[in-house]
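Report on the structure given below.
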Amino acid sequence: MQPENKIHNIRQMIKITFPDNSVREFGSGVTGLEIAEAISNRLAKEVLAISVNGEVWDLSRPLTTDANIKLFTWDDREGKETFWHSSAHLMAEAIEFYYPGTKFGIGPTVDTGFYYDIDLPEGIQFTEKDLERIEAKMLELAREKNDIVRREISKADAMAMFTKKHDELKQELISELEDGKITIYNQGKFTDLCRGPHLPNTGYVKAVKLTSIAGAYWRGNEKNKMLTRIYGVTFPKQKMLTDYLTLLEEAKKRDHRKIGKEMELFTFSAKVGQGLPLWLPKGTVLRMQLEDFLKKVQKKFGYEQVITPHIGDVTLYKTSGHFQKYGADSFQVIKTPAEGEEYMLKPMNCPHHCEIYASKPRSYKDLPVRLAEFGTVYRYEQSGELHGLTRVRGFTQDDAHLFCRPDQLKDEFKKVIDIVFIIFKTMGLEDYTAQISLRDPAKPEKYIGTPENWEKAERAIIEAADEKGLKTTTVLGEAAFYGPKLDFMVKDALGRNWQLGTIQVDYNLPERFDLEYIGADDKRHRPIMIHRAPFGSMERFVAVLIEHTAGKFPLWLTPDQVVVLPISEKYNEYAQKVSDFLNNSDIRSLIDDRNEKIGRKIRDNELKRIPYLLIVGEKEAESGLVSVRKQGEGDQGSMTMEEFAAYLNKEIKGQLSAFYN
RNA sequence: GCCUCUUUAGCUCAGUGGUAGAGCAGCUCACUCGUAAUGAGCAGGUCGAGGGUUCAAGUCCCUUGAGAGGCUCCA
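For the first sequence, counting from 1, position 505 maps to 505 in this note's numbering; every step adds exactly one.
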């Protein structure tokens, strides 16, 4: 603002402490931007926000007291947030230009970019085409480099200002704010209620992309009015936008719905019903490999496989409490025609497994009892929620329930974590996060069971995770209604987090099902239950695996590991012989039948996901060899079928070593 | 469920009220080739479904199925 301030030491001086604990003196009233300028021109160009004693401030807000500061650039979350927050205001300014009278709700930042919830004037319909002219207007306003000016105003003034604008949304927000702490920001002709912080001026924004329009309830409550939400993202450099758009394109190519279709793994049919996946032959190969793998691991860990029906009497779910909790929002009761019995499609396997446990008296010596089932369950999900294989209405959990004594709980829990580790390691899913999901203390009505049991369960999870050296985040309110969870989340191609593995401690269902065992003291005791599904569900796991590998699965999972390609029709017979041999040695191979008529017709998107290509022609057919090409590595030379099979089996074993070791 | 958008051949998509199109895949014939595409030809669609407006509807309107991106939800 007035750089001479720093020179004139008539002004009172203040001490600014930097993150490295160095201290410099500046004249009172110095701004973050001026501090950055005092350090270097380059920093002054890149700096976007400043934190003052831990609070993020505008760069143009004057500091008047001694302070600890930190400067933020695009590389810091705080810098990006400030940038995008100002961008949201810039978008609002552009929208107000074209649609005067628009009411503005909230306009926060998200992981990538920002959105603004707006209420357009009566009769205005907003479509994707309108986004382009708003983008253009935003860039135009950005080029004006309008200062973004912060002002503190009284609650009464704020209320008056937005009453004048007939903006009930802002009035509602203001009514909930504390007087004396209300700020507004102004840029050009636009003024908005806002806590800040913001960029010094609009000129920082160099590239704009408004990504989508969506509906969103005012304040996230479905009883409230539906507002129009506009998502956007902005960047300080045009190239960053181009790179971002390229990334989105790349992510689209990895989308499991696209690859699943191309590779013929699964499909959906409107006639079968939405959210009900149909596993195609190749997808089934993939899925069964996963199931067999987990079954072997579980056998090692002392699990027993069980099978239970797909429906259960309503009483079962009333006993478990699921009916009271979810009955109204699930597939509705099925009635028998003559007897009027009431059944439900099974939405989870736990109650069935509880009844297996209860089928005979149990001794403390029998515990833990570990019952596993690839159990297909059906849950009503709102139609708008369905998404490929990640959110469906019928899916198969790799479920198991462990019934154990209190002294076994922690050890059992840790062994389940081991299984999750084995799976993630074998699949190459290294970038997972572990989340401990606890009760929401403010909403006890959402949960069943006593506080004492909840505390015991929560403590068991926290301790077990800790002893396993797991880095966890803790989220309140994410627990299941019967107990706390340890969830493993993995990101998909677009960076969205999906919950895969889950482990839950439950003191409540054993109580509701009156499960017992006879202890060493000859008295009846209550077992503790662990619910767990390391994949989560076969559907979701396969989806995430597809996006992670872009369809290039580990060798042992690949639906077609080898394609045998005859050079010409003459060698079809030999190709058939090779293919039969490999299939008999547990290697999945197929002949490229499109090559029957010659003319190199293998399509790339299919071929590039098949690890091995065996080329057979005159030379090979005569000598009984195969020419081996490895995807991405080229020619591997010629070998006999036996040598190739042995080589491939060794590779597969190697990939499974996480489990075999 | 709600908001916005989409729905045309097996797939990807053109087609802005006036005779349903392309590329790839498929089939037939020719070419016998060492791996990102041989050549020629053929076939393939009640334009998601139902109703309406109109002389005339893939195109405009209503209802509805399915899909996409969000919101709310997620045992």
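Each residue gets a CB set at the ideal place from its N, CA and C atoms; glycine is no exception.
Per DSSP, reduced to three states, the secondary structure at Lys650 is helical.
Cα atoms of Met538 and Pro309: separation of roughly 18 Å, rounded to the nearest angstrom. Take the alpha-carbon of Ile259 and the one of Ala434: they are about 28 Å apart. Separation of the CB atoms of Leu286 and Leu557 is rounded to 6 Å, and the pair is thereby assigned contact status at 8 Å. The Cβ atoms of Glu135 and Lys209 lie closer than 8 Å to each other. With respect to the 8 Å criterion, Gly321 and Arg512 are classified as neighbours on the basis of their beta carbons. Leaving aside the five residues that flank Ile546 on each side, the residues in its chain whose CB is nearer than 7 Å to its CB run, in chain order, His256, Ile259, Gly260.
Annotated as distal: Thr474 and Asp487, with beta-carbon spacing of 8 Å or more.
Less than 8 Å separates the beta-carbon of Tyr364 from that of Ala520. Here DSSP, grouped into helix, strand and coil, assigns Thr73 to coil. Spanning the alpha carbons of Gln298 and Pro337 requires a straight line of approximately 41 Å. Between Ile213 and Tyr185 the beta-carbon gap is near 25 Å, outside 8 Å, which marks them as no contact. With contacts defined as CB atoms closer than 8 Å, Pro406 and Ile518 fail to qualify as a contacting pair. In the DSSP assignment, Phe488 forms a beta bridge with Ala434.
Looking at the DSSP output, Tyr357 shares a beta bridge with no other residue.
Gly302 and Ser22 have their C-alpha atoms spaced approximately 60 Å apart. In terms of Cα proximity to His89, the closest of Asp117, Thr64, Ile50, Arg42 is Asp117.
Sequence-distant Cβ neighbours of Lys70 in its own chain, meaning closer than 8 Å and more than five residues away, are Phe18, Pro19, Ile50, Ser51.
Each residue's CA atom was taken as its position, placing Asn68 and Met13 some 15 Å apart. Distances from the CA of Ala207 to each of Pro351, Lys237, Arg379, Gln576 were compared; the closest alpha carbon is that of Lys237.
In this structure the region 148–162 touches the region 182–197; the number of beta carbon pairs closer than 8 Å is three or more. For the set Met263, His353, Ser437, Val392, the Cα lying nearest the Cα of Lys608 is the one of Met263. Under the DSSP definition of a beta bridge, Glu385 lacks any partner. In this structure, the straight-line span from the alpha carbon of Lys485 to that of Leu438 is close to 7 Å. Excluding residues up to 5 positions away in sequence, Gln655 lie with their Cβ nearer than 6 Å to the Cβ of Pro554 in the same chain. Thr191 sits in a strand when the DSSP states are folded into three classes. Close CB contacts of Phe114 within its chain, under the 7 Å cut and outside five residues either way in sequence, are with Trp84, His85, Ser87, Ala88, Gly107, Pro108, Gly232 (chain order).
Minimum Cα-Cα distance from Tyr378 among the listed residues Leu371, Pro444, Tyr326 corresponds to Tyr326. Beta-bridge pairing by DSSP links Gln305 to Ala372. Cβ contact annotation for Lys491 (same chain, cutoff 8 Å, sequence separation greater than five): Asp431, Asn497, Trp498, in chain order. Secondary structure of Tyr244 (DSSP, three-state): helix. Judged by DSSP secondary structure, Asn41 falls within the alpha helix (DSSP H) whose first and last residues are 41–46.
In the DSSP assignment, Arg151 falls within the beta strand (DSSP E) that extends over 148–153. Rounded to the nearest whole angstrom, the C-alpha separation of Thr376 and Ser330 is 15 Å.
The beta carbon of Gln576 lies closer than 7 Å to those of Ile591 in the same chain, with the five residues before and after it left out. Here Ala156 is exposed: its Cβ has fewer than 16 other Cβ atoms, across all protein chains shown, within 10 Å.
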